[in-house]
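Residues in the sequence shown are numbered from 27 upward in steps of one, following the working numbering. Glycine is no exception: its CB is placed at the ideal position from the N, C-alpha and C atoms.
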Amino acid sequence: MFGRPPDGKIVDLLIVESGAKSKTIQKYLGKGWIVAASNGHVRDLPTSRKTKDGKKAMWASTADKLPNPKWEWTENSERTIGNLLSKAQEKNVENIYIATDPDREGEFIAWQLKLIFEEAGFEQIWRVTFNEITKTAVQAAIDAKGDVNHNLVSAAMVRRFMDRLVGFRASKFSRSWSLPAMGRVQTPTLWIHR
Numbered sequence: 027m028f029g030r031p032p033d034g035k036i037v038d039l040l041i042v043e044s045g046a047k048s049k050t051i052q053k054y055l056g057k058g059w060i061v062a063a064s065n066g067h068v069r070d071l072p073t074s075r076k077t078k079d080g081k082k083a084m085w086a087s088t089a090d091k092l093p094n095p096k097w098e099w100t101e102n103s104e105r106t107i108g109n110l111l112s113k114a115q116e117k118n119v120e121n122i123y124i125a126t127d128p129d130r131e132g133e134f135i136a137w138q139l140k141l142i143f144e145e146a147g148f149e150q151i152w153r154v155t156f157n158e159i160t161k162t163a164v165q166a167a168i169d170a171k172g173d174v175n176h177n178l179v180s181a182a183m184v185r186r187f188m189d190r191l192v193g194f195r196a197s198k199f200s201r202s203w204s205l206p207a208m209g210r211v212q213t214p215t216l217w218i219h220r
C-alpha cells in the first residue's frame, strides 16, 4: 500500500484529527494517498440562540431511546470537511480510512465523518486505530481496518447529552454562587447516582 506509483488510478484518503499527525503520516504513505485532518469534532448538538448563554439544548428524547438531534457543524468544520469532500471527489478516492483518536470521542468523530462521506456517495469507509505514529503502526492499522464501534459512539452521545442536560446548568449555578468549579460531565453522573 505504501509508495504507490503516481498513476492516478487508485487514491485512498486517511483522515486523522490533527494536522501535525497528517503531515507525518503523509510521509509514511507516500503517493496514492491523501492524508488530511478533521481538526477535531465536526458536528455538535444544536443550541438555542435565544438563551443568554446560547447553551440550551434543542432536542427531545423518549424513555426508550436516545435523542436523535440534527447535529450542527462546529466552527470552521463545515468548510474543512467540505474542502476534504471536494478533494476526495475530484481525486476519485476509492477507500476512506478514518483514523481519529482511539477513544470515545474519536469514535464519535469517526461516526460523524462516516455519515458525512456516506451521504456524499462514498461506500468504502473504514475505521482504523493506532496508538503510535510509526510507519509500522499505520500499516498494521490499515491492514486491520474495521467499522465504527457503535457502543463507543452511544457512550459519547450520552456523555454529550448529559453534559447539556445537567452539566451546563450545574456549571452556571456554581458560578452564580461563587462555588468551586464543577466538572460539567461529572456532575450529571452524581445527579443520576442519587
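> Are the stretch 161-176 and the stretch 39-57 in contact at 8 Å, needing three or more beta carbon pairs?
Replying inline: yes
>> So the candidates are ASP70, ALA136, SER44 and THR50; which of them puts its Cα closest to the Cα of ARG186?
In response: The residue you call residue 186 lines up with position 160 of the sequence shown. The shortest Cα separation from ARG186 among ASP70, ALA136, SER44 and THR50 belongs to ASP70.
>> Short of 6 Å in beta carbon distance, which residues of its chain neighbour TRP137, apart from the five on each side in sequence? Order them along the chain.
In response: Here residue 137 is taken as the residue at index 111 of the sequence shown, counted from 1. Excluding positions up to five away in sequence, the list reads VAL174 and VAL179.
> Under three-state DSSP, which class holds VAL61?
Replying inline: Looking up residue 61 in the sequence shown gives position 35. Strand at VAL61.
>> Taking the beta carbon of ALA125 as the centre, do at least 16 other beta carbons fall within 10 Å, making it buried, or is it exposed?
In response: Counting from 1 along the sequence shown, the entry for residue 125 is found at position 99. ALA125 should be labelled buried.
> Where does GLY23 land, buried or exposed, given buried means 16+ other C-beta within 10 angstroms?
Replying inline: Since the first residue shown for the chain is 27 and the last is 220, residue 23 is missing from the structure and cannot be characterised.
> Between which two residues does the alpha helix (DSSP H) containing ASP169 stretch?
Replying inline: For the purposes of this step, residue 169 is identified with residue 143 of the sequence shown, where counting begins at 1. 161-169 is the extent of the alpha helix (DSSP H) around ASP169.
> Using DSSP with H/G/I as helix, E/B as strand and the rest coil, what is GLY66?
Replying inline: Locating residue 66 in the sequence shown gives position 40, where the first residue counts as 1. Of the three classes helix, strand and coil, the one that applies to GLY66 here is coil, per DSSP.
> Name the DSSP beta bridge partners of ASP189, please?
Replying inline: Walking along the sequence shown from the start, residue 189 turns up at place 163. DSSP lists no partner for ASP189.
> Start and end of the beta strand (DSSP E) containing ASN121?
Replying inline: Taking the sequence shown and counting its residues from 1, the one referred to as residue 121 is at position 95. First-last of the beta strand (DSSP E) with ASN121: 121-124.
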